[in-house]
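Q:
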Amino acid sequence: MHIDNLIEMRNLTWGYPESAILLFNHYNFSLKKGEFCVIMGKSGTGKSTLARILTGEKSVGEKMVYHKHEDISKYSDEEMQTYRRKMGIIFQDYKLIEYMTVKENIIYPLVLYGVGESIIDAKYQKLQQKYNISHLEDLPVKFLSAWEKQKVALARALIHDPEFIIADEPTGNLDWEHTQTIWDLLIQSNQNGNTILLITHDIHLVNYLKEKHPIRLEMLG
935 MHIDNLIEMR NLTWGYPESA ILLFNHYNFS LKKGEFCVIM GKSGTGKSTL ARILTGEKSV
995 GEKMVYHKHE DISKYSDEEM QTYRRKMGII FQDYKLIEYM TVKENIIYPL VLYGVGESII
1055 DAKYQKLQQK YNISHLEDLP VKFLSAWEKQ KVALARALIH DPEFIIADEP TGNLDWEHTQ
1115 TIWDLLIQSN QNGNTILLIT HDIHLVNYLK EKHPIRLEML G
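All letters in the sequence shown, in the order written, are residues 935 to 1155 by my numbering.
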């Protein structure tokens, strides 16, 4: 394994029990610290399943998925929770808590991890200025537009300084103008040192990113 790999998949072989066809057949992949990697594929090629395997939501066999040289299939429940805390995840459908306010949603990971109030406040203030959401902070997220919700989801994914970010089709519900803004923010995050793994089917988005920033493109299917 390469010393800089945060994540490595080695001969990943996996399929749904109800299907006779394997979704992944000896699939290999690595995510290196500091890079912006894009996984692209059509519907049905396993993009979202790959994200769920990386987050530990779907289990795989031994010696297939590694985090910093550690086989995640051998993680205890506690070790798996620790591993998940090292990632920030951005979903197409946001996964926000609708009855909570914008601020409550953003700081939720830090509250969950028992971080002190002064640290939470400092991290939140930095993000709310960066994403221009101070005027929304007391609103329940159910009242926000799709664009505003995705900004909140991005801020939540970044607030705990994750080791890497998984973005699974995060702009699928946005118009092109707001899609560009989200990716500009992610490019900026990568420039600031965040490792990014983007999963998408959108060639226009990939071309936009390639014009503005160095990325590594991996194809599925």
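Note that beta-carbon positions come from the ideal geometry of N, C-alpha and C, so glycine has one too.
#1: At the level of alpha carbons, what is the spacing between H1135 and K976?
#2: Sort out for me which residues DSSP pairs L965 with in a bridge.
#3: Is there a C-beta anywhere in chain B that falls below 9 angstroms from the one on M998?
#4: Would DSSP call A954 helix, strand or coil?
#5: So for I1121, helix, strand or coil by DSSP?
#6: Checking the sheet assignment: what are the DSSP bridge partners for G948?
#7: Where do the ends of the beta strand (DSSP E) carrying I1023 lie?
#8: Mind the definition here: the segment 1020-1029 touches the segment 1057-1072 only if three or more C-beta pairs lie below 8 angstroms; say whether that holds.
#9: Beta-carbon within less than 6 angstroms of K1076's beta-carbon, same chain only, minus the 5 sequence neighbours each way: which residues are those?
#10: Could you have a look at D1095 and say whether DSSP puts it in helix, strand or coil?
#11: Using DSSP bridges, identify the partner residues of H1163.
#12: For the alpha helix (DSSP H) containing L1139, list its first residue and its last residue.
#13: DSSP state of E991, grouped into three classes?
#14: Looking only at its own chain, which residues have a Cβ that is under 7 angstroms from the Cβ of D938, when we skip the five neighbours before and after it?
#15: Considering only residues of the same chain and omitting the five flanking positions on each side of L957, which have a CB-CB separation below 7 angstroms?
A: In this structure, then:
#1: If you number the sequence shown from 1, residue 1135 lands on position 201. If you number the sequence shown from 1, residue 976 lands on position 42. When rounded, the distance between both Cα atoms is 5 angstroms.
#2: Numbered from 1 along the sequence shown, position 31 holds the residue referred to as residue 965. DSSP lists I941 as partners of L965.
#3: Chain labels in this structure do not include chain B; a single protein chain is all it has.
#4: If you number the sequence shown from 1, residue 954 lands on position 20. Three-state result, A954: coil.
#5: Position 187 of the sequence shown, counted from the first residue, corresponds to residue 1121. Note: I1121 maps to helix in three-state DSSP.
#6: Here residue 948 is taken as the residue at index 14 of the sequence shown, counted from 1. Before going further, note that residue 948 is Trp rather than Gly in the sequence given. DSSP output for W948 lists F958 as bridge partner(s).
#7: Residue mapping note: residue 1023 aligns to position 89 of the sequence shown, counting from 1. Per DSSP, I1023 belongs to the beta strand (DSSP E) from M1021 to F1025.
#8: no
#9: As a working note, residue 1076 is residue 142 in the sequence shown. Answer for K1076: E1032, listed in chain order.
#10: Here residue 1095 is taken as the residue at index 161 of the sequence shown, counted from 1. Coil at D1095, not helix or strand.
#11: Outside the displayed range of the chain (935 to 1155) lies residue 1163, so it cannot be described from this structure.
#12: Counting from one through the sequence shown, the residue named residue 1139 turns up at place 205. Element bounds for L1139: I1137 to K1146.
#13: For the purposes of this step, residue 991 is taken as the residue at position 57 of the sequence shown. If DSSP states are grouped into helix, strand and coil, E991 belongs with coil.
#14: Within the sequence shown, numbered from 1, the residue matching residue 938 stands at position 4. Hits under 7 angstroms: K966 and K967.
#15: Within the sequence shown, residue 957 is the residue found at index 23, counting from 1. Correct list, in chain order: W948, G949, Y950, G980 and T983.
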